[in-house]
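Residue numbers (this note's numbering): 4 to 369.
Read the structure below first, then the notes.
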Ligand SMILES: *Cc1c(COP(=O)(O)O)cnc(C)c1O
């Protein structure tokens, strides 16, 4: 068996230990004679799995008692609508900070659903290569919205805006449990699982109880109301059972490796190793500005300025890297170049292998 180092932005690599456990339990989970994929979500065998997954999320993220933890479907993208439908119904007005594609999509969805959207800051002027500094958000808003880690642009907030009484909503799809986070600063957090938690299929929502409203915006489908899912403990309809099972295993893996603090130590070490190399290289450079850099997603370009030549060299890089067992390094079309996503499950050895390859490639193509 030969495993590659997978730098995909999502779905992305999972801890090998977790994959082995899943494989070992595939034919017979816990003496049931079935895999977790096959069993009823209402069965006695599955119930402890979802309960443990919630318990572990609460423990690792230090979730206060007045917050609900929900396991939903529809990915991060469905949350763009759910946030607007459920939270945007008092004043009908919300503040968004525009830091790239995902924040823009969220704002567009809110607007589309009739919420008056104020884009109170943007980093569009420099192709979203930095996070605008908005220390304080005030105004007549139902909520304020940020995307904490910008997967495509490779940027990350190094501060949390102070919103006073305005509930702060954050998309943490690509940085959840990569670092400690003070949940009590937020009204709602959400994350699609396929970056740092599990395979695709489950979306984790952490919502302060007072924000679970009886009256979402008119016409909100039952399935898009947080109350539906909160009242039923995420069992209103069939939850993505197998994904929740893997998520639970990933939670235990994170705990064994030092929890959110342990992840941050490992992620800093990996990201520093890569950014240090990029910053001293005369062949490559990182696109995100210092002070706004993501520990999870690292887009980089070569210093070739001619667009056609740059395109050819990027393609060569991605192809040769794949042949060397380093896969999914193509950059997003909006940034170009390459992108290494180095989520929790990427090892330091993987990042070192990448940097060795980059050194060799730079020498051969200088
Ligand atoms: C991947 C991603 C999304 C979209 O997630 P889906 O689960 O594909 O809908 C949203 N926000 C961020 C920050 C992401 O990285």
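Ideal Cβ placement from N, Cα and C applies to all residues, glycine included.
query	result
Here's a check: name, in chain order, each residue in its chain whose Cβ is nearer than 7 Å to the Cβ of residue 251, leaving out the five neighbours to either side.	52, 55, 56, 59
With DSSP collapsed to three states, give me the class of residue 165.	strand
Considering only residues of the region 316 to 361, which uninterrupted beta strand (DSSP E) runs meet the minimum length of 3 residues and lie entirely inside it, listed in chain order?	341 to 344
Enumerate in chain order the residues of its own chain whose CB-to-CB distance from residue 20 is below 7 Å, with the five nearest sequence positions on each side excluded.	256
Counting beta carbon pairs with one atom in the region 206 to 218 and one in the region 67 to 78, are three or more of them shorter than 8 Å?	yes
Taking all protein chains shown into account, decide if residue 29 is buried (16 or more other Cβ within 10 angstroms of its Cβ) or exposed.	exposed
CA-CA distance, residue 31 and residue 38?	6 Å
For residue 329 versus residue 10, is the C-beta distance shorter than 8 Å?	yes
If contact is defined by three or more beta carbon pairs under 8 Å, each pair taking one atom from either stretch, is the region 148 to 155 in contact with the region 169 to 184?	yes
Between residue 197 and ligand 1, is the CB less than 7 Å from at least one heavy atom?	yes
Tell me whether the region 182 to 195 and the region 318 to 334 touch, counting them as touching only if at least three CB pairs, one residue from each stretch, are closer than 8 Å.	no
Going by the C-beta, is residue 204 closer than 7 Å to any heavy atom of ligand 1?	no
Quick check: the Cα distance between residue 444 and residue 34, rounded to an integer number of angstroms?	As displayed, the chain neither begins before 4 nor continues past 369, which places residue 444 out of reach and without an answer.
Which class does residue 178 belong to by DSSP, given the choice of helix, strand or coil?	coil
For the beta strand (DSSP E) that contains residue 39, what are its first and last residues?	From DSSP, residue 39 is part of no beta strand (DSSP E); its letter is neither H nor E.
Once DSSP output is grouped into helix, strand and coil, what is the label at residue 285?	coil
Please confirm whether any heavy atom of ligand 1 lies closer than 7 Å to the CB of residue 5.	no
Taking 7 Å as the cut-off, does the CB of residue 16 come closer than this to any heavy atom belonging to ligand 1?	no
For a test of the three-state rule: what should DSSP assign to residue 271, helix, strand or coil?	helix
Compare the C-alpha of residue 341 against each of 350, 357, 351, 352 and name the closest.	357
Just the C-alpha distance for residue 234 and residue 69, rounded to the nearest angstrom, thanks.	14 Å
Just to check my reading of the structure: residue 40 and residue 263 have Cβ atoms closer than 8 Å, yes? What is that Cβ distance to the nearest angstrom?	About 29 Å; that fails the 8 Å criterion.
Mapping the DSSP letters down to three states, classify residue 3 as helix, strand or coil.	Nothing can be reported for residue 3, as the shown portion of the chain is limited to 4 through 369.
Tell me which same chain residues have a C-beta within less than 7 Å of the C-beta of residue 201, skipping the five on either side of it?	246, 249, 250, 253
Where does the unbroken beta strand (DSSP E) through residue 122 begin, and where does it stop?	119 to 125
When the Cα atoms are used, what is the spatial distance from residue 334 to residue 306?	15 Å
Assuming residue 156 contacts residue 103 (C-beta within less than 8 Å), just tell me the rounded distance between them.	4 Å
DSSP state of residue 7, grouped into three classes?	coil
When the Cα atoms are used, what is the spatial distance from residue 15 to residue 85?	25 Å
Return no unless some Cβ of chain B is closer than 8 Å to the Cβ of residue 150.	In the structure shown, chain B does not exist; there is a single protein chain.
Under the three-state reduction of DSSP, which class applies to residue 16: helix, strand or coil?	coil
Could you compute how far the alpha carbon of residue 347 sits from the alpha carbon of residue 277?	15 Å
Can residue 152 be considered in contact with ligand 3, in the sense that its beta carbon sits closer than 7 Å to one or more heavy atoms?	This structure simply doesn't include ligand 3; it includes ligand 1 instead.
Let's see if you can read the secondary structure: which residues bound the alpha helix (DSSP H) around residue 147?	Taken as a continuous stretch (DSSP letters only), residue 147 belongs to no alpha helix (DSSP H), being part of the beta strand (DSSP E) at 146 to 150.
Under the three-state reduction of DSSP, which class applies to residue 99: helix, strand or coil?	strand
Please look up how many angstroms separate the CB atoms of residue 214 and residue 192, rounded, as I've assumed it's under 8 Å.	Wrong, their Cβ atoms sit about 11 Å apart, outside the cutoff.
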